[in-house]
Amino acid sequence: MRESRMPSQMMPVGVSERINSIDVLRGVALLGILVINIYFFALPGAVMFNPPAAGGFTGLNFLTWQFTSTFFLQKMMGIFSMLFGAGIILMSGKAEKSRKKFGAIHYRRMLWLLIFGLVHGYLLWHGDILFTYAICGMVLFLFRRRSPRLLIILSIIFFIAGFLMQFGSSINFTMVRDAAARAEKAIQNGKEIDKMQESMIVIRDDLESIFKPSEQEIQKEIDAYRGNFFEVLKFRLPETLMMQTQALFFFVFWRAMGFMLLGMALMKLDVFSAARSKRFYAILAIVGYTLGLPTVYYGLTQSLAHDFDYVYQFREGLHYNLFGGALTALGHVGVIMLICKAGLLKWLTAGLAAVGRTALSNYLLTSVVMTTIFYGYGLGLFGHIDRFYLMLFIPGMWVIQLIISPIWLRHYKFGPAEWLWRSLTYRKKQMMRIAS
């Protein structure tokens, strides 16, 4: 790639054209995501559906789970997803005003993001979200010219579709569990069972292994992630494949699309640009928290009461956080926009905006740092540290990002990953250094 200047109408969105409040919000979301992701960097995957499986679940550990699940789980990722949708509106709107076709650029952009997601997911961390965003981005482009009202309706439809996918899964899980129980009872009574009944037992055991693995299976994962790079890689490959196929289709895609479509609508309604009134954002925060937080908290208590049974979770438990979490995320948006609009905490919002402008670089940096801390080819702390003490790693990571990001942007227009992504997208080496 050669370094050259492009006509202004074909250039990526420049620094002067960025909306500061969006960058601040993206920075908050990116930092907040680590509060949940650190569980999946540091603990066995069983904690996703069965929190008591690892990391401690009494005393301060239990309170940590309650707090992070109430205020962060799916809320920060929801905001980040909304802003991804908003970014498509921002970039396509700029291109259309310049009467330039944006489709080819957008799909090249998503293709490279997908490749980044594959590399990140298979070589670094199975919890990658870039692959999902790329897939969603390819679909979202079709809706960029729709009205805010229609986008909100489509968002609700996708959320409901996600609910129906999981509810349908719970019905299948129940049928398998009941059929396996009948087959085992028949065996106990000395009766022969056919191959179909045998398969029900096998499938039931596979489901139990995924959602409520035994101590031996959990220890096997811990041993793998405390191993060398190739031992970690061997264990990670099937996990990443599952995340980018089955989990994507049955769980992640629908929720992500719902948030992204909502973000597109809110961008068109000037919500993310802090252009609405203080009263609007105050109402958004109050309504979001008043409806969202009790719903989320009730869902947590019910999941706890049902011992995180995976059939219950898919039938009902997960959905309180799906819908209540979306409302809580909007509450967070309202508060952050009020801070931006009032010009409060400028010393902090400036750092957050810098983190937001270099979100891809900071996302990948977080994976590098956290896997180095917890995996065997680094400090090997995987599975060693309880929930409460995991939280102590987070402020240090935040401080690093809040310091490095503004310093970097004093000298360069983009983060290193953003520069690579833009250069590949536009097929030209982008001007990176800020002229003296």
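Residue numbering for the sequence shown follows my numbering, starting at 781 and increasing by one per position. Where is the CB? At the ideal position from N, CA and C, for every residue including glycine.
- The Cβ neighbour count for Gly-907, taken over all protein chains shown within 10 Å, is at least 16; the residue is labelled buried.
- Exposure of His-1191 is indicated by the presence of fewer than 16 other C-beta atoms within 10 angstroms of its C-beta.
- In the DSSP annotation of this structure, the continuous segment of the alpha helix (DSSP H) that includes Arg-1190 starts and ends at 1174-1191.
- Taking the Cα positions, Phe-911 is about 12 Å away from Ala-1036.
- Taking a contact to require three or more Cβ pairs closer than 8 Å, the region 919-934 and the region 862-882 qualify as touching.
- Exclusion of the five residues before and after Phe-896 leaves Leu-910 as the residues of its chain whose Cβ lies within less than 6 Å of its Cβ.
- In this structure Gly-839 is exposed. Its beta-carbon is surrounded by fewer than 16 other beta-carbon atoms within 10 angstroms.
- Residues Val-1091 of the same chain have their beta carbon placed closer than 6 Å to that of Thr-954, with the five preceding and five following residues left out of the count.
- Closest by C-alpha distance to His-1112, out of Leu-1144, Leu-1140, Val-1051, Leu-1145, is Val-1051.
- Of all alpha-carbon atoms in Ser-1185, Lys-1121, His-886, the one lying nearest the alpha-carbon of Tyr-1061 is that of Lys-1121.
- Here the alpha carbons of Tyr-902 and Asn-841 stand approximately 30 Å from one another.
- Judged by their CB atoms, Gly-1043 and Ala-866 are nearer to each other than the 7 Å cut-off.
- Its Cα nearest to that of Ile-818, the residue Val-1149 stands out among Ile-936, Glu-995, Gly-1158, Val-1149.
- Distance from the CA atom of Pro-1074 to the CA atom of Ser-1053, rounded to whole angstroms, is 28 Å.
- Annotation: the region 905-972 contains the following complete segments of the alpha helix (DSSP H) (minimum length 4 residues), in chain order: 910-920, 928-968.
- In the structure shown, Lys-1209 falls within a strand segment according to DSSP collapsed to helix, strand and coil.
- In this structure, DSSP gives His-1112 a helical state, which the three-state scheme calls helix.
- Secondary structure note for Pro-1074: its alpha helix (DSSP H) is the uninterrupted segment 1058-1085.
- Each of Gly-835, Arg-888, Met-862 was checked against the Cα of Ser-1203, and the nearest Cα belongs to Arg-888.
- For Phe-1094 against Gln-968, the beta-carbon gap comes to about 28 Å, at or over 8 Å, which does not count as contact.
- A residue is called buried when at least 16 other Cβ atoms come within 10 angstroms of its Cβ; Arg-1006 meets this threshold and is buried.
- Distances from the alpha-carbon of Gly-1104 to those of Leu-1080, Gln-1024, Arg-806 put Leu-1080 closest.
- For Met-976, the enclosing alpha helix (DSSP H) stretches over residues 975-991.
- Nearest to Thr-1020 by C-alpha distance, out of Val-1179, Asn-830, His-900, is His-900.
- Judged by their CB atoms, Leu-853 and Leu-934 are not nearer to each other than the 7 Å cut-off.
- Contact between Gly-807 and Gly-1136 holds, since their C-beta atoms are separated by about 4 Å, short of 8 Å.
- Closest by C-alpha distance to Ala-1004, out of Phe-1162, Thr-1205, Ser-950, Met-1177, is Phe-1162.
- In the three-state DSSP reduction, Phe-1039 falls in the helix class (H, G or I).
- At the C-beta level, Met-976 and Ala-960 stay beyond 7 Å of one another.
- Sixteen is the threshold: since fewer than 16 other Cβ atoms of the shown chains lie within 10 Å of the Cβ of Glu-978, the residue is exposed.
- Inter-residue distance for Met-857 and Pro-1018 is about 24 Å (C-alpha atoms, whole angstroms).
- The shortest CA-to-CA distance from Ile-915 to any of Ala-1106, Arg-1059, Arg-929, Leu-893 is the one to Leu-893.
- In the structure shown, Pro-824 falls within a coil segment according to DSSP collapsed to helix, strand and coil.
- Taking 7 Å as the cut-off, the beta carbon of Trp-1034 is found closer than this to the beta carbon of Ala-941.
- In the structure shown, Lys-880 falls within a coil segment according to DSSP collapsed to helix, strand and coil.
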